[in-house]
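Trainee:
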Amino acid sequence: MRPDLTHLKTIEQRLLWLSHWMIHHANHVRPKVDGIKVGGHQASSASMVSIMTALYFSTLKPEDRMAVKPHASPIFHAMQYLMGNQTREKMENFRGFGGVQSYPSRTKDIDDVDFSTGSVGLGVAITSFASIIQDYIKAKSWGGDAPMGRMVALVGDAELDEGNIYEALQEGWKNDLRNTWWVIDYNRQSLDGIVREGLFERLEKIFDAFGWDVVRIKHGALQRAAFQEPAGDKLRDWIDACPNQEYSALTYMGGAVWRKRLLDDLGDQGDVSALIERRSDDELAELMENLGGNCVETMADTFNAIDHDRPTCFLAYTIKGWGTPIAGHKDNHGGLMSKTQFADWQAHMGVAKGEEWELMATVPDEAALRDFLTDVPFFAKGTRRYHDDKLAVPVIDIDTSREISTQMAFGKILDDLSKGDSELAARIVTTSPDVTGTTSLGPWVNRRKLFARAEQADAFIENRIPSTAKWEFTPKGQHIELGIAEMNLMLLLGAAGLSHSIFGKRLIPIGTVYDPFVARGLDALNYACYQDARFILVGTPSGVTLAPEGGAHQSVGSPLIGMSQDGLASFEPAFADELAVIMQWAFDYLQRDGEDDPDERTWLRDETGGSVYLRMTTNPIEQPGKRRDEDFRQGAIDGAYWLRKPGPNCEVVIAYQGAVAPEAIKAAGIIGEARRDVGVLAVTSADRLNAGWTAAQRARSRGNKAAQAHIETLMTDLPPHCKVITVIDGHPATLSWLGSVQGHQTVPLGVEHFGQTGTIADLYRHHGIDAAAIVERVNGLTVGKELNQSIPDTHTYN
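Residue numbering for the sequence shown follows my numbering, beginning at 3 and increasing consecutively.
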């Protein structure tokens, strides 16, 4: 055997042992606290060990990036432990608090995770979008020195049931995808059973249709050598024809059963019998389990033979549970080796008691292996997290002298940035799932163009056909146009939002989507936030304010998504100047990477940074004029400010968020004629208000009695008898908690049911979020003088 193959085989066995011992230790050795199974996927790890050994220790370079199949996490961490990037303490605490995570995590694990995985299919797809972002960066004048590598996904065959895989394949084809490898662990077993026969043929056709090379790796070196023996072709034909279930069952039963079955099926045919009989039961089992994906030699040679940048799918046949007593058993996905099985396997692996965690246990030539590991290219430069300098944020301002919607203001802000030469503008990359024009990105795209690796002319421009969309595709372009697949939008934002860490070049990604369809991409949005990707997501238009579109396009629950999503600061401004202040803050917030210490003014952990979600509408409303005071600016960022300050004897406060501002203001004018000192609270972010409030309460419970959140400060002087009316074009639970801050009775108004077509006035009236509904609630649910319920047409700002 070649020297490198000797070392690869040694590493493979070390990783197999260390990963399975870590799982066994967590389930059968470490004291149980909860009395429940810890788990860890021994069988799914075993099927990947040869593939991962070949990739990491023979093929990959430091610039290559990996998304590891979630259930192969133990192999990944064992590998990092072997290379000194993971600690024994965390390995011993696998799946425990502060220990090695169940699935590779950029934010929770200490070792060198490129892409978090866990929600199956997403880690696969993000590699294709990372490759597109790599090409995007490389095409720019400021990105020419960025490293170019392969984006590699290790794929469980059951992950190919996920629809987002095929959405990503199509998007990759449209964007001339390259430098992407997907390595499929084709063990033909999933959580509940065996994969259907013939699936590989359909997979190959799908990948071929989208321009991928497909490499099928079915037989390992031992099998290929046996096929060269007399009658070896008959053995090959039998293996190729054997159904998946039969092959799995025979694997589990072992060499003696293999022998009987082969002799029964192939009969006494001289050369065939001789081929079988010259091998012991153990040797025969080793031969039959030597599928391509379980042969480190075959996998290393296959990977190293690729000399092009075309996207490539490797269909690697494997045995689930390979090399262990549970290999092939249909229950092995969630199963674990018993204590007895593991003790026998430990003896088989030659690991002495007390040496289970030793890196070099069973290694015959430690010095030679250590020398080999020192020279492995992928690990040669240490961990591969990059950094990039923060970009200066220019002052963002907007004309508020006329009626304008928040979506229109957003488009105007980007258009103004596109006209300038700031470094921030040069690093903005916008993207949208076929709603670029209808989410007000058009002016930005007309000036900054669309990205493609090769120039593509616009036939309308060439033929002088008038169009507002002057779409020119060029390597210099700063907009990536996507098809109608919101999962792809969120995955692209996730990939672009990691560019500073993955590629060493900071991007400012901005994605727009119709607000109701944020939910359609929610799994991928959560995935992007879990990785701490940095981006701005714009959901527009939103709510029943999008009146003519009907219930299918009118979002209701998205404000609650914004509040509940970790890593995402959610805003819903009503006015253009609020949006300008928030966007200027957001451009800086995306770039922060500070300590996790709260700001004692708001009790928000703003220095850590994060992503931002902006919920907007297309309804133009009258603007309040120029506002420069710090209470307004800081309040818009912190989540709320007094649009109309309450007096000392305030009886009613109207707290609104977003597009219903004019209704709240109208209602306040009417209520103020009969109730004293009425206040209007402009909420720009229920998310940030709520987060600061709960954080301040935690601080007080831990002894810091002075801790006070921004919303507590705003409401502290309201008299106990004051009633709070909340209103939003969204679910009323978004703001209903405000009464709990200082103990005020609260009447929450919002949208609780699907919308329909109509005018804005029709739908506001129908859902009870117009000025008349606010006045009606005050009349009916509070004590005081009867209110005049006639609603004037003018807006009043105080």
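Even glycine gets a Cβ: it sits at the ideal position worked out from N, Cα and C. This one's a predicted model, so the numbers in the text were calculated from it and none came from an experiment.
1) Can you grab the Cα-Cα spacing for the pair G86 / L124, in whole Å?
2) Within its chain, find whatever has a CB closer than 7 angstroms to the CB of E609; leave out the 5 residues flanking it on each side and keep chain order.
3) Exposed or buried, what is P435 when buried is set at 16 or more other beta-carbons lying within 10 Å of its beta-carbon?
4) Around the C-beta of H331, are 16 or more other C-beta atoms found within 10 angstroms, so that it is buried, or is it exposed?
5) With three or more C-beta pairs closer than 8 angstroms as the rule, is the region 618-631 touching the region 687-702?
6) Pick out the complete beta strand (DSSP E) segments inside the region 329-377, 3 residues or longer, and give them in chain order.
7) Give the straight-line distance between the Cα atoms of Q230 and T61, rounded to the nearest whole angstrom.
8) In whole angstroms, what separates the C-alpha of R455 from that of F519?
9) Tell me whether the beta-carbon of M565 lies closer than 8 angstroms to the beta-carbon of T736.
10) Can you say whether V70 is buried or exposed, counting buried as having 16 or more other CB atoms within 10 angstroms of its CB?
11) When we look at the beta-carbon of G499 and count the other beta-carbons within 10 Å, is it buried (16 or more) or exposed?
12) Out of curiosity, what's the CA-to-CA distance linking L740 and M717?
13) Going by C-alpha distance, which of A223, Y254, N181 and D116 is nearest T314?
14) If I follow the unbroken alpha helix (DSSP H) through C531, where does it start and stop?
15) What does the alpha-carbon distance come out to for the pair A642 and L683?
16) Less than 8 angstroms between the beta carbons of L484 and T542, yes or no?
17) Using only the alpha-carbon positions, how far apart do T8 and E299 sit?
18) How close, in whole Å, do the beta carbons of N296 and G222 come, if the pair is a contact with beta carbons under 8 angstroms?
19) Taking DSSP as the reference, what is the three-state secondary structure of H481?
20) Looking at A582 and D460, is the spacing between their C-beta atoms short of 8 angstroms?
21) On the criterion of 16 or more Cβ atoms from any shown chain inside 10 Å, does A805 qualify as buried, or is it exposed?
22) Classify S742 as helix, strand or coil using the three-state DSSP reduction.
23) Closest to G513 by CA distance: which of L494, K63 and L293 is it?
24) DSSP three-state label for G786, please.
25) Between S130, V614, K507 and L783, which lies nearest to D147 when the distance is taken from Cα to Cα?
26) Run through the region 267-317 for me and flag every whole alpha helix (DSSP H) of 4 or more residues, listed as ranges in chain order.
27) Does L18 pass the burial test, meaning 16 or more other C-beta atoms within 10 Å, or should it be called exposed?
28) Just the C-alpha distance for S104 and G523, rounded to the nearest angstrom, thanks.
29) Name the residue from G257, Q271 and T304 whose alpha carbon lies nearest to the alpha carbon of D284.
30) With H, G and I counted as helix, E and B as strand and the rest as coil, what does DSSP make of H73?
31) Just how far apart, CA to CA, sit A345 and K39?
32) If distances are taken between C-alpha atoms only, which option among E173, G337 and W175 comes closest to H73?
33) Can you check which of these residues, G120, G101 and T119, is closest to D111 by C-alpha distance?
34) Rounded to the nearest angstrom, how far is the Cβ of S613 from that of I538, given a contact under 8 angstroms?
35) So, with DSSP's three-state summary, where would you put F573?
36) Going along the chain, which residues of its own chain have a beta-carbon closer than 8 angstroms to the beta-carbon of L84, five neighbours each way excluded?
Mentor: So, from the listed chains and residues:
1) 28 angstroms
2) R594, G596, E597 and D599
3) Buried, since its Cβ has 16 or more Cβ neighbours within 10 Å.
4) buried
5) no
6) Runs of the beta strand (DSSP E) lying entirely within the region 329-377 and spanning at least 3 residues: none are present.
7) Annotation: Q230 to T61 spans about 28 angstroms, alpha carbon to alpha carbon.
8) 29 angstroms
9) yes
10) buried
11) The C-beta of G499 has 16 or more other C-beta atoms within 10 Å across all chains shown, which makes the residue buried.
12) Each residue's CA atom was taken as its position, placing L740 and M717 some 9 angstroms apart.
13) N181
14) Per DSSP, C531 is one residue of the alpha helix (DSSP H) stretching across L524 to Y532.
15) Between A642 and L683, the alpha-carbon positions lie close to 7 angstroms from each other.
16) no
17) 9 angstroms
18) Indeed, because the Cβ distance is near 6 angstroms, the residues count as touching under 8 angstroms.
19) Strand.
20) Contact flag unset, no.
21) No answer is possible for residue 805: it lies beyond the span of the chain, which begins at 3 and ends at 800.
22) helix
23) L494
24) coil
25) K507
26) 273-279, 283-290 and 298-306
27) Classification of L18: buried, given that the 10 Å Cβ count is 16 or more.
28) 24 angstroms
29) G257
30) helix
31) If you take the alpha carbons of A345 and K39, they lie about 19 angstroms apart.
32) G337
33) G101
34) 7 angstroms
35) strand
36) Result list for L84: I13, R16, L17, L20, L361 and L375, in chain order.
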